[in-house]
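Here is the structure we will look at.
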Amino acid sequence: MMAMPLTVRRRLIGRSPGATSRRSRCFAGFHHGLLAVLLLAGASACSDEGAIDIERARVLAERGDADAQAVLAQAYYFGEEVEQDYFQAAHWSRLAAEQEHMIGQALLAEAYFFGHGVDQDYDQAARWSRLAADQGYAMGQTRLAAAYYHGLGVEQDYGEAVGWARLAAEQEYAAGQALLGHTHYYGLGVAQDYGAAVNWLRLAAEQDDAEGQALLGHAYYMGLGVEQDYDEAVDWYRPSADQGNSFGQALLGEAYFYGNGVAQDPEEGVHWSRLAAEQGDVIGQTVLGEAYVLGVGVAQDHREGFRWLWAAAQQGGAVAQAHVGHAYYFGRGVRRDYRTAVYWLRLAAEQGSAEGQALLGAAYYFGNGVRQDYREAVRWSRPAAEKGDARAQGLLGAAYHYGFGVAQDYGEAAHWSRLAAEQENAFGQSVLGEAYYFGRGVPQDYGEAVRWSGLAAEQGNAVGQARVGEAYYFGRGVEQDYEESVRWSRLAADQGNAIGEGLLGAAYYFGNGVPQDYAEAARWSRSAAAQGDARAQEVLGAAYVVGHGVAEDQISAYVWLNLAATAGRESARALRDQVAARMTPEEIAEARTRARAERPARPAI
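Take the sequence shown: its position 228, counted from the start at 1, is 256 in my numbering, and no numbers get skipped.
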């Protein structure tokens with residue numbers, strides 16, 4: 029599953045290079061060591077051992093010392109040496125910022141960005157970030173880059189984001205390196221360059237930057253900019269996940285779920301996916317939703333699965349949108365609703381989701397939630413089929429086989445149907461069975477026809493069931509067995525399949541495999557005949573000739589026999605001509621008019 033573009037998450041500080049003077053050691057205990065090399069705090073706020081002297085810093089800060097105010101602000105912001113207090117942090121960072129102290133400006137920007145101790149205000153966050161960035165402060169440059177990246181407080185501008193991130197990255201600031209790697213990875217503001225992305229991400233990851241670790245792991249997982257290596261991917265996911273990074277947690281969960289780079293462990297996959305999902309990560313929500321739908325790693329629960337998939341779909345996750353569409357299409361976890369299904373499937377399909385494209389194609393093919401449109405069905409099915417989606421391959425094979433939405437081409441039909449059939453897709457198996465049965469695109473082979481149709485039939489595919497029923501009825505590819513024919517034909521007929529209904533009608537008419545019953549024969553034959561099944565039309569016409577199961581009616585007999593004859597059944601033509609010899613010209617004209625009205629738009633399948 030290809031990840032959605034990574035959201036730049038809360039990365040306030042990263043490990044920076046530089047001197048190890050007493051002043052820098054004074055700040056070594058702070059979160060990721062932001063002040064460790066910036067050499068901005070006065071020595072008088074530190075003890076001789078390099079530790080922060082909070083009370084001394086407070087005295088100096090109250091006297092207006094900007095360095096001490098910045099030290100105190102950071103201490104309160106991260107809860108180092110004092111209890112975390114965002115209001116105090118905002119207070120002291122503002123005092124330092126108003127003295128043009130770049131750390132104070134950067135911390136105040138963070139406060140505004142996240143609403144820590146102040147009302148969230150992206151405009152103010154961007155303003156203070158810029159002031160810090162203009163002084164060359166990497167933390168401010170990175171926050172400003174993130175503002176441009178997301179369009180928060182400034183107009184979105186990926187080029188500006190890249191420019192500011194680069195300035196921070198060149199100072200070896202990990203969060204800046206991670207963001208710069210991200211932009212190169214997805215080609216945002218710069219030409220997509222996986223090699224450059226990996227270089228920057230590695231620099232960030234080696235400084236223990238969680239975002240850098242997660243995306244570097246993803247590069248190894250996908251083989252982008254580096255040779256694909258699932259083990260290496262997991263090695264980077266894990267430290268990111270252990271830091272609470274939702275992207276790292278989601279990717280680690282996915283690795284466990286599918287057994288890539290680690291021994292497959294669905295329960296562990298669910299554990300990490302849940303942690304990510306609860307932080308709003310799209311991949312985590314999607315994998316957790318899939319786990320509930322499949323009942324892998326957790327007890328199966330379609331409703332709970334739908335809840336998580338819905339959350340991911342609302343964020344634009346294509347995989348989740350396809351799953352939500354699938355849920356509505358088949359009524360799993362929600363009430364079936366084809367129109368809503370099509371809405372979500374289209375969103376997924378337009379993002380390139382093979383599942384979304386395939387099921388949207390199916391919706392158009394069968395007219396579920398949209399007006400039936402075979403051309404649209406083929407248009408959406410083709411890209412999914414080319415990606416290897418079995419449903420799409422099966423549908424595309426059927427379209428070529430019957431000439432629905434494309435020029436009929438039995439060779440193409442056999443090609444796509446075989447690809448689907450080999451993935452155990454019932455639709456593909458049934459069409460491949462048809463191809464062998466009639467020798468369309470492949471040499472005729474009843475044995476192969478029965479094999480492929482049988483595989484489809486066992487999955488409940490009505491076309492496969494009907495063709496197996498026919499094979500047993502006539503002894504084609506199997507030993508003739510009327511009872512077995514009736515069994516399979518009935519399964520198909522109960523699904524409304526015309527061929528199955530026609531075979532069942534013939535079985536009742538002639539008493540083959542069931543006691544002879546003209547009324548049942550007429551009932552099943554009528555349903556099949558109305559769908560265009562020529563065999564059923566002939567049986568129904570013959571019934572009207574002699575009044576078997578229906579009232580004798582020569583006009584009705586002519587109607588159905590004429591339709592069967594038009595479809596190429598010579599025995600029906602001969603019987604129709606016998607009936608016509610006993611009819612007046614007016615009766616024949618009426619029968620032909622009725623026959624035109626009864627002719628279906630498509631032949632029976």
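For every residue, glycine included, the Cβ atom is placed at its ideal position computed from N, Cα and C.
* To do: Please classify Val182: does DSSP put it in a helix, a strand, or coil?
  => Looking up residue 182 in the sequence shown gives position 154. In this structure, Val182 counts as coil in the three-state DSSP scheme.
* Asked: Straight-line CA distance for Gly492 to Ala382?
  -> Walking along the sequence shown from the start, residue 492 turns up at place 464. Walking along the sequence shown from the start, residue 382 turns up at place 354. Cα-Cα distance, rounded: 25 Å.
* To do: Out of Glu306, Ala269, Tyr258, Val321, point me to the one whose CA is closest to Gln292's CA.
  => Numbered from its first residue, the sequence shown carries residue 292 at position 264. Cα-wise, what sits closest to Gln292 is Tyr258.
* Asked: Going along the chain, which unbroken runs of the alpha helix (DSSP H) with 4 or more residues stay wholly within the segment 242-291?
  -> 258-270, 274-286
* Can you name the start and end residues of the alpha helix (DSSP H) that Gly323 belongs to? -> Here residue 323 corresponds to residue number 295 of the sequence shown, with the count starting at 1. From DSSP, Gly323 is part of no alpha helix (DSSP H); its letter is neither H nor E.
* **Proximity winner among Glu332, Glu462, Asp162, Leu208, relative to Ala174 (alpha-carbon distances)** => Within the sequence shown, numbered from 1, the residue matching residue 174 stands at position 146. Ala174 has its Cα closest to that of Leu208, out of Glu332, Glu462, Asp162, Leu208.
* If you draw a straight line from the C-alpha of Gln328 to the C-alpha of Val254, how long is it? -> Working through the sequence shown from its first residue, we reach residue 328 at position 300. Working through the sequence shown from its first residue, we reach residue 254 at position 226. Going by the C-alpha atoms only, they are around 37 Å apart.
* Asked: So with Cβ pairs under 8 Å, would you call Ala305 a contact of chain D?
  -> Chain labels in this structure do not include chain D; a single protein chain is all it has.
* Asked: Would Glu128 be called buried (16 or more neighbouring beta carbons within 10 Å of its own) or exposed?
  -> Locating residue 128 in the sequence shown gives position 100, where the first residue counts as 1. Exposed, by the Cβ-count rule.
* Own chain residues within Cβ distance below 7 Å of Arg624, not counting five before or after -> Position 596 of the sequence shown, counted from the first residue, corresponds to residue 624. None.
* To do: Below 8 Å CB to CB, which residues in the same chain sit around Arg38 once its five sequence neighbours on both sides are set aside?
  => On the sequence shown, position 10 is the one that residue 38 refers to. With a pLDDT of 30 at Arg38, under the threshold of 50, the modelled position of this residue cannot be trusted; read the value that follows with caution. Excluding residues within five positions, the ones whose Cβ falls inside 8 Å are Phe142.
* Segments of 4+ residues assigned as alpha helix (DSSP H) that fall wholly inside the segment 467-516 -> 474-486, 490-502
* Buried or exposed (CB count within 10 angstroms, at least 16 for buried), Gly272 -> Translated into positions along the sequence shown, residue 272 becomes position 244. Exposed, because fewer than 16 other Cβ atoms sit within 10 Å of the Cβ of Gly272.
* Identify the continuous alpha helix (DSSP H) that holds His210 and give its terminal residues. => Walking along the sequence shown from the start, residue 210 turns up at place 182. Looking at the DSSP string, the run of the alpha helix (DSSP H) that includes His210 is 202-214.
* **Boundaries (first-last residue) of the alpha helix (DSSP H) holding Glu404** => For this step, residue 404 is matched to residue 376 along the sequence shown. Counting along the chain, the alpha helix (DSSP H) containing Glu404 begins and ends at 402-414.
* Check Arg364 in the structure and name its three-state DSSP category. => Taking the sequence shown and counting its residues from 1, one reaches residue 364 at position 336. Correct three-state label for Arg364: coil.
* Asked: Which residues in the same chain as Arg627 place their Cβ atom closer than 7 Å to its Cβ, once the five residues preceding and following it in sequence are excluded?
  -> Residue mapping note: residue 627 aligns to position 599 of the sequence shown, counting from 1. Leu591.
* **Spatial neighbours of Val190 in its chain, beta-carbon cut-off 6 Å, leaving aside the 5 residues before and after** => By 1-based counting over the sequence shown, the position of residue 190 is 162. So the qualifying residues of the chain are Thr211, Gly217, Val218.
* Asked: Is DSSP giving His351 helix, strand or coil here?
  -> Position 323 of the sequence shown, counted from the first residue, corresponds to residue 351. Here His351 sits in helix by DSSP.
* **Own chain partners of Ala558 with C-beta closer than 8 Å, once the 5 adjacent residues on each side are dropped** => Residue mapping note: residue 558 aligns to position 530 of the sequence shown, counting from 1. For Ala558, where only same-chain residues beyond five positions count, the Cβ hits under 8 Å are Glu626, Pro628.
* Euclidean distance between Cα positions of Gly345 and Ala593 -> Here residue 345 corresponds to residue number 317 of the sequence shown, with the count starting at 1. Here residue 593 corresponds to residue number 565 of the sequence shown, with the count starting at 1. C-alpha separation (whole angstroms): 54 Å.
* Asked: Among Tyr393, Gln343, Phe394, Gln400, which residue has its Cα nearest to the Cα of Trp372?
  -> Numbered from its first residue, the sequence shown carries residue 372 at position 344. Selected option, being the one with the closest Cα: Gln343.
* Asked: DSSP state of Ala238, grouped into three classes?
  -> Reading the sequence shown from its first residue, position 210 is the one you call residue 238. Reduced to three states, the DSSP call for Ala238 is helix.
* Which term fits Phe538, buried or exposed, when burial requires 16 or more other beta carbons within 10 angstroms of its beta carbon? -> Here residue 538 refers to the residue found at position 510 when the sequence shown is read from its first residue. Classification of Phe538: exposed, given that the 10 Å Cβ count is below 16.
* Quick one: Cα of Val324 to Cα of Phe334, how far? -> Here residue 324 is taken as the residue at index 296 of the sequence shown, counted from 1. Here residue 334 is taken as the residue at index 306 of the sequence shown, counted from 1. Distance between the alpha carbons of Val324 and Phe334: 15 Å.
* Closer than 7 Å by C-beta to Ala137: which residues in its own chain qualify, once you throw out the five before and the five after it? Chain order, please. => Here residue 137 corresponds to residue number 109 of the sequence shown, with the count starting at 1. Once the five neighbours on either side are set aside, the close Cβ partners of Ala137 are Ala153, Trp156, Ser157, Ala160, Gly168, Arg171.
* Gln184 vs Tyr176 beta-carbon contact at 8 Å -> Numbered from 1 along the sequence shown, position 156 holds the residue referred to as residue 184. Numbered from 1 along the sequence shown, position 148 holds the residue referred to as residue 176. Their beta carbons are under 8 Å apart, which means Gln184 touches Tyr176 by this criterion.
* Assumed close pair Ser513, Ala494 - CB separation to whole angstroms, cut-off 8 Å -> As a position in the sequence shown, residue 513 is number 485, starting the count at 1. As a position in the sequence shown, residue 494 is number 466, starting the count at 1. Actually they do not touch by this definition, with Cβ atoms about 10 Å apart.
* Asked: How many Å lie between Arg479 and Gly425 at the Cα?
  -> Walking along the sequence shown from the start, residue 479 turns up at place 451. Walking along the sequence shown from the start, residue 425 turns up at place 397. If I take the Cα positions, the gap works out to 18 Å.
* Between the Cα of Trp192 and those of Gly181, Glu200, Val182, Gly204, spot the shortest distance and give me the residue it belongs to. => For the purposes of this step, residue 192 is identified with residue 164 of the sequence shown, where counting begins at 1. Nearest C-alpha to Trp192: Gly204.
* To do: Out of Arg515, Val470, Asp221, Glu109, state which residue places its alpha-carbon closest to the alpha-carbon of Ile82.
  => By 1-based counting over the sequence shown, the position of residue 82 is 54. Closest by alpha carbon: Glu109.
* **Cβ neighbours of Ala98 in the same chain (closer than 6 Å, five flanking residues each side left out)** => To locate residue 98, count along the sequence shown from 1; it is residue 70. Ala124, His129, Ile131, Gly132, listed in sequence order.
* **Under 8 Å between C-beta atoms of Ala418 and Ala391** => As a first step, residue 418 is located in the sequence shown; it is residue number 390 there, counting from the start. As a first step, residue 391 is located in the sequence shown; it is residue number 363 there, counting from the start. No.
* **Rounded C-alpha distance that separates Val290 from Glu296** => Along the sequence shown, read from residue 1 onward, the residue named residue 290 stands at position 262. Along the sequence shown, read from residue 1 onward, the residue named residue 296 stands at position 268. One C-alpha to the other measures close to 11 Å.
* Could you have a look at Gln133 and say whether DSSP puts it in helix, strand or coil? => Position 105 of the sequence shown holds residue 133. Correct three-state label for Gln133: helix.
* Asked: Sorted by chain position, which residues of the same chain lie with C-beta nearer than 7 Å to Gly497's C-beta, five sequence neighbours on each side aside?
  -> Counting from one through the sequence shown, the residue named residue 497 turns up at place 469. Answer for Gly497: Ser513, Trp516, Ser517, Ala520, Gly528, Leu531, listed in chain order.
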